Amino acid sequence: MERTMKRFLLKIIILFGVLSLTIPGWAQEKEWRALIDQTFNFQKQGRYPEAIKTAQQALTVAEATFGSEHPHVAASLHNLAFLYKDQKRFAEAQPLAQRALEMREKILGPNHPNVGASASVLAVVYHAQGRLADAEPLYKRSLEIAEKAYGPEHPVVATALKSLAVLYKDQGKMAEANLLERRAEDIRLKIEKPKSFVDAGKKGETIEEAVIIKAVSSREGLEMEYEYLSQKFGQRGKEWKLKRQSLIKKDDKKFDKMDLEFPNGANKTVYFDITSFFGK
3 MERTMKRFLL KIIILFGVLS LTIPGWAQEK EWRALIDQTF NFQKQGRYPE
53 AIKTAQQALT VAEATFGSEH PHVAASLHNL AFLYKDQKRF AEAQPLAQRA
103 LEMREKILGP NHPNVGASAS VLAVVYHAQG RLADAEPLYK RSLEIAEKAY
153 GPEHPVVATA LKSLAVLYKD QGKMAEANLL ERRAEDIRLK IEKPKSFVDA
203 GKKGETIEEA VIIKAVSSRE GLEMEYEYLS QKFGQRGKEW KLKRQSLIKK
253 DDKKFDKMDL EFPNGANKTV YFDITSFFGK
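FYI, in the numbering used here the residues of the sequence shown are 3 to 282.
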């Protein structure tokens, strides 16, 4: 009886020890995801100082919680590098982008779409710094990964083609640049209709009928949202304007609520399901 009781007490001690380790980790995981969500929202609103601050906080939490070789750390590095790149703070973006790329290669393998995304960011940084020879293989790699991951006629491929074309122009390779630009334009024409990259069977008039955006990054997803609205309602700023944009979380899904205003005073709300790319 005494021996049985000792075993029972030992199990209780072990259980509480495990809980003491997992509960703080779970809380920090939740904190990290909240910071990523907040960063994404600030970025969408063009509030880059706030976005950078929360991205820095997300990186600090990720490194402290998950260690230096975790996918969350790689994602945090990529997000912060992307924000610095967008703000032309290339000296700050470069080491973060390089570390994110190396980490994602190690964790995800050489052909993962996220590796291509990080390669693209680092390529843009090198390009802006005048390191054209360093940028070229990264642009090419990003293009190759995109073609394998999404097929030859996807918006991500078109973007990669255009980026490489710009580099070729800066290198004086006009013939190569023109070929890439023509291919990118061909892709654009083929995917003009929203059904190519969204669920056009949804009307977006209610959250249940939200238009589903299929993207791999927040930047690509946001571009697709605005392209969809422009194709449906005309030129932004002239035929409609964005009155308000709100994030809605329902069940395990994330939604963008876009409140539009038209010159005649009419208003319309369009819902997008952004679960596929939210926080990436």
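All residues carry an ideal CB built from backbone N, CA and C; glycine is no exception.
As the structure is a computational prediction, the values presented were derived from the model and not from experiment.
Point to revise | Ser165 versus Pro154, Glu149 and Leu145, residue with shortest Cα-Cα distance | key: Leu145
Review point. Quick one: what does DSSP say Val158 is sitting in, helix, strand or coil?
Key: helix
Practice item. Using the Cα positions of Thr24 and Arg184, report the straight-line distance between them to the nearest angstrom. Key: For Thr24, the pLDDT reaches just 40, beneath the cut-off of 50, and the residue's location in the model is therefore unreliable, although a value from the coordinates is still provided. Spanning the two alpha carbons is a distance of roughly 53 Å.
Check your understanding: Hey, is the region 50-70 in contact with the region 228-248, meaning 3+ C-beta pairs nearer than 8 Å?
Key -> No, the region 50-70 is not in contact with the region 228-248.
Check your understanding: Ala125 and Leu103: beta carbons closer than 7 Å?
Key -> no
Check your understanding: Are the region 161-175 and the region 230-240 in contact at 8 Å, needing three or more beta carbon pairs?
Key -> no
**Study point:** Which of helix, strand or coil DSSP assigns to Asp258
**Key:** strand
Exercise for review: Just mark Gly223 as buried or exposed, buried being the case when its beta carbon has 16 or more other beta carbons within 10 Å.
Suggested key: buried
Point to revise | Cβ of His114 within 7 Å of any chain C Cβ | key: Annotation note: the requested chain C is absent from the structure, which comprises a single protein chain.
Review point. Which full runs of the alpha helix (DSSP H) of 4+ residues lie inside the region 188-246, going along the chain?
Key: 220-235
Review point. Among the residues of its own chain, which have a CB less than 7 Å from the CB of Ala160, if the five just before and after it don't count?
Key: Excluding sequence neighbours, Ala160 sits near Ala186, Ile189 and Arg190.
**Study point:** Cβ neighbours of Val127 in the same chain (closer than 7 Å, five flanking residues each side left out)
**Key:** Lys87, Phe92, Ala95, Gln96 and Ala99
Check your understanding: Would you call Lys197 buried or exposed, if buried means 16 or more other Cβ atoms sit within 10 Å of its Cβ?
Key -> Low per-residue confidence applies at Lys197: pLDDT is 41, beneath 50, and the placement is therefore not dependable, though the value from the model is reported in the following sentence. Under this definition Lys197 is an exposed residue.
Practice item. Assuming Gln247 and Met260 form a contact by the criterion Cβ under 8 Å, report the distance between their Cβ atoms to the nearest whole angstrom. Key: Rounded to whole angstroms, the Cβ separation of Gln247 and Met260 is 6 Å, and the two are in contact under 8 Å.
Practice item. Would you kindly check if the distance between the Cβ of Asp258 and the Cβ of Phe274 is under 7 Å? Key: yes
Practice item. Assuming Lys256 contacts Thr277 (C-beta within less than 8 Å), just tell me the rounded distance between them. Key: 5 Å
Check your understanding: If you run the structure through DSSP and keep just helix, strand and coil, what is Asn266?
Key -> Residue state, collapsed to three classes: coil.
Review point. Three-state secondary structure (DSSP) at Ile109?
Key: Look at Ile109 here: in three-state DSSP terms it is helix.
Review point. Taking 6 Å as the cut-off, does the CB of Pro73 come closer than this to any heavy atom belonging to the ligand ZN?
Key: Of the ligands one can find in the structure shown there are none, so the ligand ZN has no counterpart to examine.
Exercise for review: Quick one: grab the DSSP three-state call for Ile54.
Suggested key: Of the three classes helix, strand and coil, the one that applies to Ile54 here is helix, per DSSP.
Review point. Quick one: what does DSSP say Lys251 is sitting in, helix, strand or coil?
Key: strand
Exercise for review: Look up Phe280 in the DSSP assignment and say whether it is helix, strand or coil.
Suggested key: coil
Practice item. Find out if the Cβ-Cβ distance for the pair Ala29, Thr41 is shorter than 7 Å. Key: no
Exercise for review: Per DSSP, which residues does Tyr273 bridge with? Please list them.
Suggested key: Lys259
Exercise for review: Out of Ala179, Gln89, His80 and Gln58, state which residue places its alpha-carbon closest to the alpha-carbon of Gly48.
Suggested key: Gln89
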